[in-house]
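Going from the sequence shown to our numbering is simple: count from 1 and add 12.
In this text, a Cβ means the ideal position worked out from N, Cα and C, and glycines have one as well.
As the structure is a computational prediction, the values presented were derived from the model and not from experiment.
The structure appears right after this line, and notes come after that.
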Amino acid sequence: MIEIIGVRFKTAGKIYYFDPDGKILESGQGVIVETMRGVEYGICEVANKMVEPQQIFAPLRKIVRPATEQDRITLENNKQREKEAFGICLDKIEKHGLIMKLIDVELTFDATKIIFYFTADGRVDFRELVKDLAGIFRMRIELRQIGVRDEAKFLNGIGICGRTLCCATFLPEFAPVSIKMAKDQSLSLNPSKISGICGRLMCCLKYEEETYEELNKGMPGVGDTIQTPDGQGEVLSVSILRRMCRAAIRKNKVEPPAINTYTAEEVKIIKRAERPEEVDYKARV
13 MIEIIGVRFK
23 TAGKIYYFDP
33 DGKILESGQG
43 VIVETMRGVE
53 YGICEVANKM
63 VEPQQIFAPL
73 RKIVRPATEQ
83 DRITLENNKQ
93 REKEAFGICL
103 DKIEKHGLIM
113 KLIDVELTFD
123 ATKIIFYFTA
133 DGRVDFRELV
143 KDLAGIFRMR
153 IELRQIGVRD
163 EAKFLNGIGI
173 CGRTLCCATF
183 LPEFAPVSIK
193 MAKDQSLSLN
203 PSKISGICGR
213 LMCCLKYEEE
223 TYEELNKGMP
233 GVGDTIQTPD
243 GQGEVLSVSI
253 LRRMCRAAIR
263 KNKVEPPAIN
273 TYTAEEVKII
283 KRAERPEEVD
293 YKARV
């Protein structure tokens, strides 16, 4: 068994494991660690615990120390410097006439590197911009292009459900989402109904997909021909959660069809209705 702690650097960001180096840390406590990007300030989300060696990627980096009050002051000063850097970078972008949208600025805790996040429709030649920024800040400069889903995660907002965005609240990473998930859940395929504010398919379509896949097993679709206890009929509607369907049973050509409701166990699919070929569109991450 190996002792670890879990550290998060951003709200709704991934949790990374570190070696506590014999120190006892509590959940919510600040900690200084060294990463590939340099020295950083993080929050301990997983207190000291023992895990199996196969659950982690060895070797683990050791923490530098628990955060002090001076470290918190330094963090606040860095946040203020990030705001100032954001304004400076906006001016430089306008000066060079670059077609890009600045989203966020991040300064490493040890102030050795500053990262500018931006979105753009295509590739952007920002070499001259980097030279200007390096001359101003006197540290390593990185410009990182991100996608629209990452932009929503950075900026946050209110979804159509009335709650703050999942990606900015608790989702550590984006999972692939497809239009098939909306079809399985009998949702409207109107893009405005199933797309988030980022313009891509909503992440929440993934949450109940496994349940709907299980419930859909053996269920007929609208237009299918089925055998019921009352004879053959055509499916008019389906209730996935109740595992029931309504079907029109026509006994002869004179009388109007009878509309009855059946459970999935009471019917047998005789013929599937012809449907357009389904294409599984993956949301870009």
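Item checked: For I209, the three-state DSSP class (helix, strand or coil) -> coil
Next item on the list: Give the secondary structure of P78 by DSSP, where H, G and I count as helix, E and B as strand, and everything else as coil.
Entry: strand
Notebook entry, point to check: Any idea which residues DSSP pairs R150 with across the strands?
Noted result: R150 pairs with nothing; no bridge assigned.
Check: So does N168 have its beta carbon nearer than 6 Å to some heavy atom of the ligand MG?
Finding: Only the bare structure without any ligand can be found here, which leaves the ligand MG out of the picture.
Margin query: Quick check: the stretch 41-49 against the stretch 93-100, are at least 3 beta-carbon pairs closer than 8 Å?
Written below: no
Item checked: Complete beta strand (DSSP E) runs within the stretch 64-126 (minimum length 3 residues, chain order) -> 75-78, 113-119
Check: Less than 7 Å separating the beta-carbons of I10 and G40?
Finding: Summary: the structure shown does not reach residue 10, with the chain confined to residues 13 through 297, and so no result is reported for it.
Next item on the list: List the whole-angstrom C-beta distance separating I238 from A259, where the pair is believed to meet the contact cut-off of C-beta under 8 Å.
Entry: 6 Å
Note to self: Using only the alpha-carbon positions, how far apart do D137 and G208 sit?
What the structure shows: 30 Å
Next item on the list: Could you check what DSSP says for Y219 in three-state terms: helix, strand or coil?
Entry: coil
Margin query: Can you tell me whether M256 is helix, strand or coil according to DSSP?
Written below: strand
Check: Beta carbon of A59, beta carbon of E38: below 7 Å?
Finding: yes
Next item on the list: Would you grab the beta carbon distance between D83 and G42 for me? Rounded to a whole angstrom, and I think it's under 8 Å.
Entry: 7 Å
Item checked: Rounded distance between the beta-carbons of G235 and V247, thought under 8 Å -> 6 Å
Notebook entry, point to check: From P241, I252, C216, P203, pick the residue whose C-alpha is nearest to that of E226; which is it?
Noted result: I252
Item checked: F138 - DSSP class collapsed to helix/strand/coil -> coil
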